[in-house]
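Notes follow once the structure below has been shown.
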Amino acid sequence: MLQTAHPPLAKAPPLTTLPSAAPILSVEDLHAAYGQSEVLHGLNFQVAPGEIVAVMGRNGMGKTTLMKTLMGIVPVKAGSIRVDGTEIGALKSHARVAKGLAYVPQGRIIFSTMTVQENIETGLTVTGARKVPQDLYEMFPVLLEMKGRRGGNLSGGQQQQLAIARALASKPKVLLLDEPTEGIQPSIIREMGRTLKKIRDARGLSIVVSEQVLSFALDVADRVLVMENGEIVHESLRADIDEAQVARFLSV
Amino acid sequence: MFGDYSLGDLGAIFAMQGFAGLILFSVYVLMALGLAIIFGQMGVINMAHGEFMILGAYMTYLCSAFFQTYLPALFPAYFFLAMILAFCASGALGMLVEWALIRHLYKRPLDTLLATWGLSLILQQAYRSIFGAREVGVELPSWLIGSVQVTDSIEIPINGLFVMAVTTLITVGVALLIYRSRFGQQVRAVMANRPMAGAVGIDTEKIDRYTFGLGCGIAGVAGSAFTMIGSTGPTSGQLYIVDTFLIVVFGGAASLLGTIASAFSISQTQSTLEFFLSGSMAKVLTLLAVVGILMLRPQGLFTLKVRR
Numbered sequence: 084m085l086q087t088a089h090p091p092l093a094k095a096p097p098l099t100t101l102p103s104a105a106p107i108l109s110v111e112d113l114h115a116a117y118g119q120s121e122v123l124h125g126l127n128f129q130v131a132p133g134e135i136v137a138v139m140g141r142n143g144m145g146k147t148t149l150m151k152t153l154m155g156i157v158p159v160k161a162g163s164i165r166v167d168g169t170e171i172g173a174l175k176s177h178a179r180v181a182k183g184l185a186y187v188p189q190g191r192i193i194f195s196t197m198t199v200q201e202n203i204e205t206g207l208t209v210t211g212a213r214k215v216p217q218d219l220y221e222m223f224p225v226l227l228e229m230k231g232r233r234g235g236n237l238s239g240g241q242q243q244q245l246a247i248a249r250a251l252a253s254k255p256k257v258l259l260l261d262e263p264t265e266g267i268q269p270s271i272i273r274e275m276g277r278t279l280k281k282i283r284d285a286r287g288l289s290i291v292v293s294e295q296v297l298s299f300a301l302d303v304a305d306r307v308l309v310m311e312n313g314e315i316v317h318e319s320l321r322a323d324i325d326e327a328q329v330a331r332f333l334s335v
Numbered sequence: 202m203f204g205d206y207s208l209g210d211l212g213a214i215f216a217m218q219g220f221a222g223l224i225l226f227s228v229y230v231l232m233a234l235g236l237a238i239i240f241g242q243m244g245v246i247n248m249a250h251g252e253f254m255i256l257g258a259y260m261t262y263l264c265s266a267f268f269q270t271y272l273p274a275l276f277p278a279y280f281f282l283a284m285i286l287a288f289c290a291s292g293a294l295g296m297l298v299e300w301a302l303i304r305h306l307y308k309r310p311l312d313t314l315l316a317t318w319g320l321s322l323i324l325q326q327a328y329r330s331i332f333g334a335r336e337v338g339v340e341l342p343s344w345l346i347g348s349v350q351v352t353d354s355i356e357i358p359i360n361g362l363f364v365m366a367v368t369t370l371i372t373v374g375v376a377l378l379i380y381r382s383r384f385g386q387q388v389r390a391v392m393a394n395r396p397m398a399g400a401v402g403i404d405t406e407k408i409d410r411y412t413f414g415l416g417c418g419i420a421g422v423a424g425s426a427f428t429m430i431g432s433t434g435p436t437s438g439q440l441y442i443v444d445t446f447l448i449v450v451f452g453g454a455a456s457l458l459g460t461i462a463s464a465f466s467i468s469q470t471q472s473t474l475e476f477f478l479s480g481s482m483a484k485v486l487t488l489l490a491v492v493g494i495l496m497l498r499p500q501g502l503f504t505l506k507v508r509r
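Residue numbers (the working numbering), protein chains in the order written: chain Z, 84 to 335; chain C, 202 to 509.
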């Protein structure tokens with residue numbers, strides 16, 4: 084199993100898709116806790132530029148906490164988070180966005196009383212831009228159609244697209260998605276997999292996606308991490324993944 | 202109670218009381234706007250809001266005294282400067298209070314109630330020590346005194362018209378700021394979901410401070426307007442705070458239009474009934490009506506129709 088010692092050096096060569104590039108996101112010995120109860124017990128992983136990493140695991144294993152800790156919603160207890168070489172573990176959420184992280188939370192959490200366009204514009208805050216870039220609407224044409232509607236009146240799938248567009252508006256280097264397939268119908272899930280890869284290819288950003296649906300993870304990810312009880316217990320490239328083994332981790 | 206008046210008299214009474222009610226309405230709207238913005242954004246119930254208003258009133262008083270003594274030539278125009286000064290003073294104090302006190306209590310909403318109540322007592326005593334316990338009045342420039350004769354029995358005071366114009370201007374300004382500007386967009390995002398607003402890159406602490414300052418600043422302008430209808434004392438703000446809370450709740454939280462509609466209905470009912478009954482009976486009837494309506498419609502007058 085992956086433990087704290089020297090994971091990047093010991094494990095990196097077979098696991099990094101782009102060995103030459105420095106990691107865009109690097110997490111070392113990350114601990115996080117709600118009050119006194121520690122939920123993340125020293126995580127280590129790196130994400131290469133342009134890589135899609137799926138974090139898998141059953142409910143309550145710490146996936147969402149990991150996302151919230153990366154985003155600064157749950158405070159870091161110990162360890163380091165670096166984006167493109169810059170330490171961000173002590174920064175507030177908005178400052179992390181400015182450093183290149185963007186977040187699509189579980190349950191999407193769009194601003195339901197604001198219009199679609201206003202929702203996307205909130206993501207522009209750190210860039211200083213005033214107009215929604217045209218390529219966002221090109222990527223999600225349905226949002227252009229609905230740009231005057233209140234976000235709360237969109238369907239689940241449309242809200243998911245809105246949440247992704249809002250995150251992309253801040254021109255991130257790393258996009259964090261927390262269980263994007265939750266409550267979305269299967270046909271749209273496949274569509275979303277394609278969209279995520281398209282976003283990665285078009286913008287060259289890295290994506291960390293937490294997921295319970297194995298087929299979706301295998302569809303989008305270059306590499307899969309499995310979390311259990313706040314630790315990473317399994318890691319493999321998609322090419323040589325042992326599906327049965329990962330499925331065992333996910334079965335209840 | 203209407204028996205002793207002819208129909209024409211009643212018409213004139215309703216028109217003039219209605220107009221007096223409009224001045225009250227102006228003060229209420231300005232107070233309630235500030236309170237609603239602060240409550241909607243931060244969930245903080247600002248018990249010291251009345252004292253921020255009175256700070257604006259005292260600024261207006263100081264300004265009028267200063268111009269009378271040193272710049273009598275410019276006295277006719279002092280009221281504009283006084284309102285700007287009132288806004289700045291109350292707004293600055295508001296931002297200071299947010300920084301020193303409120304931001305440490307966001308996770309304990311009930312404690313903010315106590316803390317701001319304590320603040321209101323401190324401010325009242327500070328006013329008493331600085332300005333004295335006696336109520337002070339503001340000297341109005343001559344162009345604001347007098348009234349417009351509309352018909353034989355209906356007169357409309359000029360200062361009332363002025364206050365209403367100012368209120369309209371500020372309300373429209375606030376509406377534009379909240380619904381059209383980038384700042385307002387960020388305010389609404391923080392209102393909707395604070396952690397998420399941070400996670401899309403909005404500096405929520407900065408927005409909180411400015412919003413609190415804005416709400417208090419508007420209360421300061423309300424104080425400036427207030428000097429035209431009442432005299433300013435250390436505890437004058439207390440009289441308005443309860444009514445203002447009532448207006449915010451009655452209007453439906455997070456609805457600018459609801460706040461305005463409820464301020465209008467409450468001030469008009471109050472003002473019209475006051476002519477025929479005693480002031481306290483008028484208040485009792487107004488409160489009873491509000492309580493009755495709130496029991497039937499607990500969400501207030503206006504709400505947004507949206508899935509949450």
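Even glycine gets a Cβ: it sits at the ideal position worked out from N, Cα and C. Computed from a predicted model, the values in this text were never measured in an experiment.
The three-state secondary structure of Z:R233, taken from DSSP, is strand. Sequence-distant partners of C:S354 (beyond 5 residues in either direction) whose C-beta falls short of 6 Å from its own C-beta, in its chain, are A213. The beta carbon of C:V375 sits no closer than 8 Å to any beta carbon of chain Z. Here Z:D261 is buried, its C-beta having at least 16 other C-beta atoms within 10 Å.
Rounded to the nearest whole angstrom, the C-alpha separation of C:S425 and C:A287 is 7 Å. Interface with chain C (8 Å Cβ-Cβ cutoff): Z:I192 is included. The beta carbon of Z:A250 is closer than 7 Å to those of A185, Y186, V187, G206 and L258 in its chain, skipping five residues each way along the sequence.
By the criterion of a C-beta distance shorter than 7 Å, Z:T152 is surrounded in its chain by L113, A115, L123 and V159, once the five residues flanking it on both sides are discounted. Beyond the five residues adjoining it in sequence on each side, Z:E204 comes within less than 7 Å, by CB distance, of V215 in the same chain, given in chain order. With 16 or more other CB atoms across the displayed protein chains lying within 10 angstroms of its CB, C:F427 is buried. For Z:I135, the closest Cβ of chain C is not nearer than 8 Å. Contacts with chain C (Cβ-Cβ distance below 8 Å) from the region 238 to 249 of chain Z involve R249, listed in chain order. At a cut-off of 8 Å between beta-carbon atoms, Z:P188 makes contact with chain C. For C:N394, at least one C-beta of chain Z is nearer than 8 Å to its own C-beta. The C-beta of C:H305 has fewer than 16 other C-beta atoms within 10 Å across all chains shown, which makes the residue exposed. When DSSP reads this structure, Z:E134 sits in no beta bridge, so it has no partner.
C:I357 and C:G222 have their C-alpha atoms spaced approximately 12 Å apart. Against chain Z, a Cβ distance below 7 Å from C:G402 picks out H177, V180, A181, G206, T208, V209 and S253. Contact between the region 249 to 268 of chain C and the region 285 to 304 of chain C is established, with three or more Cβ pairs separated by less than 8 Å. Short of 8 Å from the beta carbon of Z:R306, and not among the five residues preceding or following it, lie these beta carbons of its own chain, in chain order: L98, T100, E134, I135, V136, A137, E318, S319, L320 and R321. Of the residues assessed, C:Y380 falls on the exposed side of the cut-off, its CB having fewer than 16 other CB atoms within 10 angstroms.
Of the candidates C:G251, C:A283 and C:E252, the residue whose Cα lies closest to the Cα of C:A266 is C:A283. With a threshold of 8 Å between beta carbons, C:A390 makes contact with chain Z. The DSSP assignment places 395 to 400 and 405 to 427 as complete runs of the alpha helix (DSSP H) inside the region 393 to 431 of chain C, in order along the chain (cut-off: 4 residues). Taking 9 Å as the Cβ-Cβ cut-off, the region 134 to 164 of chain Z approaches chain C at K151, M154, G155 and I156, given in chain order. Taking a Cβ-Cβ threshold of 8 Å, the residues of chain Z close to C:M397 are P188, I192 and F194, in chain order. Z:E228 has a beta carbon lying at 8 Å or more from every beta carbon in chain C. Residue C:G385 holds the alpha-carbon nearest to the alpha-carbon of C:I239 among C:G385, C:S479, C:F465 and C:P435. Using a Cβ distance threshold of 8 Å, C:G251 and C:S321 count as a contacting pair. Across the set Z:M139, Z:V303 and Z:P269, the C-alpha of Z:V303 shows the shortest separation from the C-alpha of Z:L279. Excluding five sequence positions before and after C:T313, the CB atoms of its chain that fall closer than 7 Å to its own CB belong to V245, I246, I303 and L306, given in chain order.
In the structure shown, the three-state DSSP call for Z:D302 is helix.
Taking a cut-off of 8 Å on C-beta distances, the region 455 to 470 of chain C touches the region 222 to 231 of chain C, as three or more cross pairs fall below it. Considering only C:T487, C:T460, C:E475 and C:L478, the residue with the shortest C-alpha distance to C:Q500 is C:T460. With a beta-carbon spacing of about 32 Å, Z:I192 and C:M248 fall beyond the 8 Å limit used to define contacts. Listed in chain order, the positions of the region 460 to 475 of chain C with a beta carbon within less than 7 Å of a beta carbon of chain Z would be empty, since no residue qualifies.
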